[in-house]
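UniProt numbering numbers the first residue of the sequence shown as 1 and each following residue consecutively.
Using N, Cα and C, we set each Cβ at its ideal position, and we do this for glycine too.
Everything below concerns the one structure shown next.
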Amino acid sequence: MRTVDSGTGMWRDRSFRLFLGADAISQFGTQITVVALPLVAVLTLDASFFQVGVLTAAELAAFLFIGLPAGVWVDRLRRRPILIWSDLLRGVALLSVPLAVVLDALTLPHLYAVALLMGLGTVFFDVAHMSFLPSLVGRDDLLKGNGTLETLRNTAVLSGPALGGWLVHAVTAPIALLADAISYLVSALLLGGVRAEETATPAVERRRLREEIAEGVRYVVGHPLLRRIAVLGALTMLSNGIWAVAQPIFMVKVLHVNPAIYGLLLSGGAVGSLAGAVLAPRVAARFGAGRAMYGGAAVAALAILIAPLAAEGRLLVLFPLGCALSGMGAGVFGINQLSYRQRITPEHLLGRMNASMRFLMWGAAPIGGLLGGVLGEWSGAHATIWIGAAGITLAHLPVLTYRRILSL
Numbered sequence: 001m002r003t004v005d006s007g008t009g010m011w012r013d014r015s016f017r018l019f020l021g022a023d024a025i026s027q028f029g030t031q032i033t034v035v036a037l038p039l040v041a042v043l044t045l046d047a048s049f050f051q052v053g054v055l056t057a058a059e060l061a062a063f064l065f066i067g068l069p070a071g072v073w074v075d076r077l078r079r080r081p082i083l084i085w086s087d088l089l090r091g092v093a094l095l096s097v098p099l100a101v102v103l104d105a106l107t108l109p110h111l112y113a114v115a116l117l118m119g120l121g122t123v124f125f126d127v128a129h130m131s132f133l134p135s136l137v138g139r140d141d142l143l144k145g146n147g148t149l150e151t152l153r154n155t156a157v158l159s160g161p162a163l164g165g166w167l168v169h170a171v172t173a174p175i176a177l178l179a180d181a182i183s184y185l186v187s188a189l190l191l192g193g194v195r196a197e198e199t200a201t202p203a204v205e206r207r208r209l210r211e212e213i214a215e216g217v218r219y220v221v222g223h224p225l226l227r228r229i230a231v232l233g234a235l236t237m238l239s240n241g242i243w244a245v246a247q248p249i250f251m252v253k254v255l256h257v258n259p260a261i262y263g264l265l266l267s268g269g270a271v272g273s274l275a276g277a278v279l280a281p282r283v284a285a286r287f288g289a290g291r292a293m294y295g296g297a298a299v300a301a302l303a304i305l306i307a308p309l310a311a312e313g314r315l316l317v318l319f320p321l322g323c324a325l326s327g328m329g330a331g332v333f334g335i336n337q338l339s340y341r342q343r344i345t346p347e348h349l350l351g352r353m354n355a356s357m358r359f360l361m362w363g364a365a366p367i368g369g370l371l372g373g374v375l376g377e378w379s380g381a382h383a384t385i386w387i388g389a390a391g392i393t394l395a396h397l398p399v400l401t402y403r404r405i406l407s408l
């Protein structure tokens with residue numbers, strides 16, 4: 001298997017640089033869509049709370065319905081082509097939105113269809129992406145590789161929403177989606193130049209789809225720490241689904257911030273996530289991976305409760321502050337748990353392990369989106385934000401009550 005040499009060798013390798021470049025560009029564009037897509041619904045189509053909830057659920061539904069089979073296919077096939085086709089699918093789907101605006105034909109069902117296709121591409125891309133990295137850098141450099149990728153992602157999270165908010169304010173939300181569509185197409189082009197030796201599973205060695213799915217799920221559920229990480233992720237994504245529905249309405253219609261300021265506030269929260277990505281390898285080197293995961297989870301659970309205290313005026317700063325501190329803890333926890341998963345899992349199970357984790361975690365997100373729409377209609381945006389924050393806090397208890405993690 002071709003892998004990049006350790007240390008600075010990762011940066012000297014052309015394929016690794018292309019991989020990072022593709023990831024950085026697509027992540028940057030994705031963060032524009034985080035702002036623009038719900039604002040297309042809220043500002044262009046005057047969507048209700050429940051309709052925004054359906055949009056959120058549509059984008060995340062693929063994790064629930066095809067998350068597990070995706071892992072089997074990723075393990076059976078070469079992963080680089082999956083990454084390329086996933087980017088192309090998402091780019092074309094987003095291009096249809098500004099085209100529909102030009103033709104005066106944009107509707108909520110069209111937006112739901114785009115969200116479904118985006119989710120489909122994201123499921124395959126994410127599973128293949130996590131499973132492809134060990135083929136590129138080797139298992140000894142996974143922590144550095146994941147830390148680098150997470151730093152790039154959080155740099156995009158830091159700057160992308162601000163640009164997205166500005167674009168929405170300047171040229172409307174549907175046209176802003178052009179930037180993300182282009183980013184996916186450029187990412188696919190760069191991935192085409194990446195070279196890593198991958199071996200598809202021979203057809204004679206493949207078993208029935210159900211058997212291979214079950215093997216991946218059993219591996220995750222049977223491992224005491226992976227099982228707790230999966231429960232934490234599921235409850236967090238359920239709560240994030242609630243939060244994601246309420247956030248744009250709370251900020252734009254309750255706190256009366258314009259789209260440009262809205263994007264800037266989301267970027268402010270990403271400062272903590274970027275800090276967490278930078279700190280994760282250092283914290284693990286000093287205290288051990290287990291203590292790094294435990295401390296990160298504790299900070300993420302408690303700090304998020306600051307954000308709902310935000311109000312108009314000076315108290316508005318509490319929203320990005322709470323998100324930043326929570327994001328820092330989540331970054332330290334997330335990078336260390338991902339590297340731990342990749343390190344302990346056999347090569348032939350990587351795709352199914354990652355897909356099982358994604359299914360168990362992200363499968364709860366569309367339910368959270370629908371629940372957020374119902375809660376928003378019933379209790380309003382501010383109360384729904386509080387419910388989401390409280391859920392995120394409680395979600396971390398499965399790991400925080402597992403003391404053996406401290407010995408890892």
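Taking C-beta to C-beta, are T151 and I242 nearer than 8 angstroms? no
Requested in this report: Out of L94, A244, G322 and V283, state which residue places its alpha-carbon closest to the alpha-carbon of V42.
Outcome: A244
*asked:* Using only CA atoms, which one of R314, P308 and G313 lies nearest to S326?
replied: P308
- Query: Which residues in the same chain as M357 place their Cβ atom closer than 8 angstroms to its Cβ, once the five residues preceding and following it in sequence are excluded?
  - Reply: V220, L226, I229, A230, G233 and R341
Requested in this report: Just tell me which of V317, G288, I304 and L408 has its CA closest to the CA of T393.
Outcome: I304
| message | Quick check on S48: does DSSP put it in helix, strand or coil? | response | coil
So, is V171 buried or exposed, given that buried needs 16 or more other C-beta atoms within 10 angstroms? exposed
- Message: Contact defined as beta carbons within less than 8 angstroms: I believe L167 pairs with A176. What is the distance between those atoms, to the nearest angstrom?
- Response: 4 angstroms
A113 to L94, Cα distance in whole Å? 10 angstroms
Would you decide whether V252 is buried or exposed? Buried here means 16 or more other CB atoms lie within 10 Å of its CB. buried
Of the residues V278, A330 and A280, the one placed nearest A298, counting alpha carbons only: A330
Fill in: Length of the line joining the Cα atoms of Y262 and A162
8 angstroms
### Query
Could you give the distance in angstroms between the alpha-carbon of L20 and the alpha-carbon of M118?
21 angstroms
message = Does I335 come out as helix, strand or coil in the three-state DSSP assignment?
response = helix
Going by beta-carbon coordinates alone, are G29 and A179 separated by less than 8 angstroms?
yes
_One question on the structure: do G160 and G71 come within less than 8 angstroms of each other, judged by their Cβ atoms?_
no
(message) Considering Cα atoms alone, identify which of L39, R76 and P259 is closest to L209.
(response) R76
Residues near F333 by beta carbon distance below 7 angstroms, same chain, minus five either side
M293, G296, A297 and A300
- Query: Residues in its own chain within less than 6 angstroms of A22 by CB, not counting five upstream and five downstream?
  - Reply: S187, L190 and L191
By a C-beta neighbour count over all protein chains shown, 10 Å radius and 16 as the cutoff for buried, is S379 buried or exposed?
exposed
- Grab the span of the alpha helix (DSSP H) containing H382 for me, first residue to last. A381 to A395
Just the Cα atoms here: how many angstroms apart are Q337 and L103? 46 angstroms
**Item:** Counted within 10 angstroms of its Cβ, other Cβ atoms place L406 as buried (16 or more) or exposed
**Value:** exposed
Consult DSSP for R78 and reduce its assignment to one of helix, strand or coil.
coil
Pick out whichever of N240, I249, P134 and L111 has its Cα sitting closest to the Cα of T345.
P134
Rounded to whole angstroms, what's the CA-CA distance from T33 to G164? Just pull it up for me. 7 angstroms
**Message:** Buried or exposed, going by whether 16 or more other CB atoms sit within 10 Å of the CB of E312?
**Reply:** exposed
Quiz prompt | Reduced DSSP category for I229 - H, G, I as helix; E, B as strand; rest coil | solution = helix
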